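Only one structure is covered here, and it is reproduced in the block below.
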Amino acid sequence: MSLASGLAVLTPLVVEFPFEWNYVRSIVRVSLYVSLTAVALSTLVSLPVALLVGFKEFRGKTLLTSVINTGMGFPSVVVGLVVLFAISNQGPFGSWDLVFTTEAMIISQFVLAAPVITGVSLAAVSSVEQNVRDAAYALGGTRVDVAIVTIKEARYGIATAVLAGFGRAISEVGSVLIVGGNIAASDGTSVTRTLTTAIQLEAEQGRFETAMLLGAILVVLVLVVNAIVVRLGNGGGRYG
Amino acid sequence: MTIQRRRFLAAVGSGTAAGLAGCAALGGDGAVLESGGDDESRPTEISGERLTLTTTTSTYTTGLLDELNAPFEDRYGVTVDTVPQGTGAALETARRGDSDVVIVHARSLEDEFIEDGYGVNRRDLMFNDFVVVGEPDDPAGVAGSRDVDAALTAIADSGSTFVSRGDNSGTHATELELWETAGLTVDEFGEWYLDGGGGMGDVLTQANMQGAYTLADRGTYFDMREEIGLEIHLEGPVEGGPEALLNPYGIVAVNPAVHDVNYDLAMAYIGYVTSVEGQEIIEGYTANGEQLFFAEALSAEPNFRQYVPEGWRRSNGGE
């Protein structure tokens, strides 16, 4: 709801709003649905991985860390292509009929966001001082307790990781364009069109002002999500 | 709501009524039918299904397809997912079986698609034309040429910047054919020949910013004319220009023998867009007060060459 009011604040700033509200609202909805779902799934996978890698000493840890860090810079277009080939009618998951759906977009954004969240969380977890963990052990904590203590200590870093993952997901255009197809229904509501692909479409038609406007909405959206996460982080601190 | 109820009724009724599900479904006014059929595995209705249409950017960004698809969706209770790509990409997507039907505008690529067995039941759909656009002051002196060869040679000789689509789209394919017809070799062009590597809108914007010439389809150019400062220097056949600049669009269904596609619905869609109703919508569609596309599917005279690759003869067609 705060989102809708946030967008409403924007309207008086422009002389003439060039879009149907339904159109913008549906694009925002698709963008948020896809990116938030992808980031939530990525976090569920990435956090345990980051904790595991951060805690354990094993051979190849440096190599694994560099693989994760490389994944942070993976071009979204390439990820889109790989996902497309996997889910295409002729691909290994062709029977699932995922091409040009929001599910496909979630998959590709998951692939994009997961290394970012893992990598940044790993750095945050690793930087929690050994003596904090030792203290948790010394006080009779189990491994789970130690993990919880570590997460609490590293919560700002982890929040940053999640936000970085979200930023990567919602701002990328390459992969969602390829696997999603930038589809809008004929009544003008988005099916697989996100803010970024809509911006791309507007810019392609030389309508730079409307593209900029959609860009502003995207920035506001990211800002709102950031504010909410930071708020949650602080709240967690109070009870922690 | 009505669709939901009909669906329910159809489900209850299926198996009791006999008949060909597909045919009955296509004749209906929205949903289904007293069909069903004895084969339980067959879909008894098309309502609620999705048709994936890959198409060129020009049909999409002009807004024609929204106008054209809405009545079809209403009548059949289905959704058309329109994916705007270049002609090359649209056909490639179809080759992989990721779309059910394509609307494109490069006959040579369509023919290849059909000859490779991926496409069936091609129909002529509509046409408009290409125009050569450039800066108002026309540095190469293209204006007034009645001849494509002369116009292109003038651009090449003067070394004026020309932005090519360079994206394997229908417009790109036509552009390359035109250079070749004019006896010019693209590979030997100098720095004035730029590869824009984008959609028609992208390239028009780039040409505008660089003060360059480009080949554009009339529809997209008209749609963007307000945004850019380019003018037409060589008209296409719609305005009495050379026939070589004709831009015909075809619609082709993906072969259901090759891919698991929604062939029934694809054929219903082809039937609709080539019907009197569909063709009237195309004919009546305007942007900025200009007609963008001209209907071509309806003709009392037989036109066999629309169904088969160009130059096809029984003798060389196999058999």
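Same order as they appear, the protein sequences are chains A and B. All residue numbers for the first sequence refer to my numbering, where the first residue is 1 and numbers rise by one. All residue numbers for the second sequence refer to my numbering, where the first residue is 1 and numbers rise by one. Think of the CB as a built atom: it goes at the ideal place given N, C-alpha and C, for glycine as much as any other residue. Treat the numbers as computed from the prediction; the structure is a model and nothing was measured.
Cβ neighbours of residue i in the same chain (closer than 8 Å, five flanking residues each side left out)
i, result
"Tyr-307(B)", "Asn-121, Arg-122, Arg-123"
"Gly-141(B)", "Ala-154, Ser-158"
"Phe-208(A)", "Glu-202"
"Thr-197(A)", "Val-173, Val-176, Leu-177, Gly-180, Asn-182"
"Ser-88(A)", "Gly-94, Val-99"
"Ile-270(B)", "Val-101, Asn-121, Arg-123, Ile-251, Ala-253"
"Glu-67(B)", "Ile-281, Tyr-285"
Same chain only: Cβ atoms within 7 Å of residue i, ignoring 5 sequence neighbours per side
i, result
"Trp-192(B)", "Gly-159, Ser-160, Thr-161, Phe-162"
"Thr-62(B)", "Gly-219, Thr-220, Asp-223, Ala-287, Leu-292"
"Gly-27(B)", "Here the model assigns Gly-27(B) a pLDDT of 42, short of 50, so the residue's position is not dependable and the matter cannot be decided."
"Gly-54(A)", "Leu-122, Val-125, Ser-126"
"Val-132(A)", "Val-149, Glu-153"
"Asn-226(A)", "Leu-163"
"Asp-138(B)", "His-233"
"Val-203(B)", "Val-163, Arg-165, Gly-196, Thr-214"
"Val-45(A)", "Ala-114"
Which listed residue (the options) has its alpha carbon closest to that of residue i
i, options, result
"Arg-29(A)", "Leu-112(A), Thr-194(A), Thr-101(A)", "Thr-194(A)"
"Asp-116(B)", "His-259(B), His-233(B), Glu-277(B)", "His-259(B)"
"Glu-331(B)", "Gly-236(B), Leu-125(B), Ile-114(B), Ala-253(B)", "The shown model of chain B, from 1 to 319, leaves out residue 331(B), and the question about it has no answer."
"Val-238(B)", "Val-131(B), Ala-106(B), Thr-274(B)", "Val-131(B)"
"Asp-100(B)", "Leu-246(B), Arg-50(B), Gly-201(B), Phe-113(B)", "Arg-50(B)"
"Gly-241(B)", "Pro-136(B), Ala-150(B), Ser-275(B), Asp-138(B)", "Ala-150(B)"
"Arg-79(B)", "Glu-177(B), Ile-46(B), Tyr-213(B), Trp-312(B)", "Here the sequence assigns Thr to residue 79(B), which means Arg is not the residue at that position. Answer by Cα proximity: Ile-46(B)."
"Ile-178(A)", "Thr-70(A), Ile-27(A), Ala-86(A)", "Ala-86(A)"
"Gly-180(A)", "Gln-130(A), Asn-226(A), Leu-98(A), Asp-145(A)", "Leu-98(A)"
"Ala-164(A)", "Ile-217(A), Met-72(A), Leu-41(A)", "Met-72(A)"
"Ile-183(A)", "Tyr-60(B), Pro-309(B), Arg-313(B), Trp-312(B)", "Tyr-60(B)"
"Glu-310(B)", "Glu-188(B), Leu-109(B), Met-200(B), Thr-93(B)", "Leu-109(B)"
"Ile-170(A)", "Arg-59(A), Lys-56(A), Leu-218(A), Leu-52(A)", "Leu-218(A)"
"Gly-97(B)", "Glu-135(B), Glu-73(B), Asn-262(B), Gly-170(B)", "Asn-262(B)"
"Gln-210(B)", "Leu-184(B), Leu-64(B), Gly-134(B), Glu-188(B)", "Gly-134(B)"
"Gly-176(B)", "Asp-264(B), Phe-113(B), Gly-199(B), Leu-152(B)", "It is worth fixing the name first, because residue 176(B) is Leu in this sequence and not Gly. Nearest of Asp-264(B), Phe-113(B), Gly-199(B), Leu-152(B) to Leu-176(B), Cα basis: Leu-152(B)."
Neighbour list for residue i in chain C, Cβ cutoff strictly below 7 Å
i, result
"Pro-84(B)", "Given the protein chain composition of this structure (A and B), no chain C is represented."
First and last residue of the uninterrupted alpha helix (DSSP H) at residue i
i, result
"Tyr-137(A)", "130-138"
"Thr-174(B)", "170-181"
"Gly-174(A)", "174-180"
"Leu-51(A)", "21-55"
"Thr-150(A)", "143-153"
"Ile-114(B)", "107-115"
"Tyr-60(B)", "57-61"
"Leu-64(A)", "61-72"
"Ile-106(A)", "102-126"
Delimiting residues of the beta strand (DSSP E) encompassing residue i
i, result
"Arg-193(A)", "Where Arg-193(A) is concerned, there is no enclosing beta strand (DSSP E), given that its DSSP letter is neither H nor E."
"Ser-275(B)", "It is not in any beta strand (DSSP E) - Ser-275(B) carries neither H nor E in the DSSP assignment."
"Leu-340(B)", "No information on residue 340(B) is available, as it lies outside the stretch 1 to 319 that chain B covers here."
"Pro-248(B)", "246-254"
"His-233(B)", "231-234"
"Ile-103(B)", "101-104"
Nonlocal neighbours in the same chain, by C-beta distance under 6 Å from residue i, ignoring five residues either side
i, result
"Asp-39(B)", "Interpretation of Asp-39(B) is limited by its pLDDT of 48, a score under 50 that renders its predicted location unreliable; no figure is taken from the coordinates."
"Gly-174(A)", "Ser-76, Val-77, Gly-80"
"Ser-186(A)", "none"
"Arg-305(B)", "none"
"Ala-244(B)", "Val-148"
"Val-186(B)", "Trp-179"
Identity of the residues DSSP links to residue i by a beta bridge
i, result
"Arg-50(B)", "Thr-79(B)"
"Tyr-213(B)", "Phe-162(B)"
"Phe-130(B)", "Asp-217(B)"
"Gly-80(A)", "According to DSSP, Gly-80(A) bridges with nothing at all."
"Gln-85(B)", "None, per the DSSP bridge assignment."
"Glu-290(B)", "Ala-287(B)"
"Val-203(B)", "According to DSSP, Val-203(B) bridges with nothing at all."
"Arg-123(B)", "Ile-251(B)"
"Ala-184(A)", "Ser-190(A)"
"Ala-295(B)", "Met-126(B)"
Residues of the segment 227-259 of chain B whose Cβ lies closer than 7 Å to any Cβ of chain A, in chain order:
Glu-227, Ile-228, His-259
Positions along the segment 93-126 of chain A whose CB lies within less than 7 Å of some CB in chain B:
Val-99, Phe-100
With 9 Å as the C-beta to C-beta threshold (strictly closer), list the residues of the segment 125-148 of chain A near chain B in chain order.
none
Near-chain B residues of the segment 183-195 of chain A (beta-carbon distance less than 9 Å), N- to C-terminal order:
Ile-183, Ala-184, Ala-185, Ser-186, Asp-187, Gly-188, Val-191, Thr-192
Scan the segment 66-93 of chain B for residues whose Cβ lies nearer than 7 Å to a Cβ of chain A and list them as they occur along the chain.
Asp-66, Asn-69, Ala-70, Glu-73, Thr-79, Val-80, Asp-81, Thr-82, Val-83, Pro-84
In chain order, what residues of the segment 25-50 of chain A put their CB closer than 9 Å to some CB of chain B?
none
Going along the chain, which residues of the segment 201-213 of chain B sit with their C-beta nearer than 8 Å to a C-beta in chain A?
Gly-201, Asp-202, Leu-204, Thr-205, Asn-208
With 7 Å as the C-beta to C-beta threshold (strictly closer), list the residues of the segment 204-223 of chain A near chain B in chain order.
Glu-204, Gln-205, Gly-206, Arg-207
Of the residues that make up the segment 74-95 of chain A, which ones have a beta carbon closer than 7 Å to any beta carbon in chain B?
Ser-88, Asn-89, Gln-90
For the segment 96-107 of chain B, enumerate the residues whose C-beta is nearer than 9 Å to any C-beta of chain A, in chain order.
Arg-96, Gly-97, Asp-98, Ser-99
Output, in sequence order along the chain, the residues in the segment 272-286 of chain B whose CB is closer than 9 Å to any CB in chain A.
none
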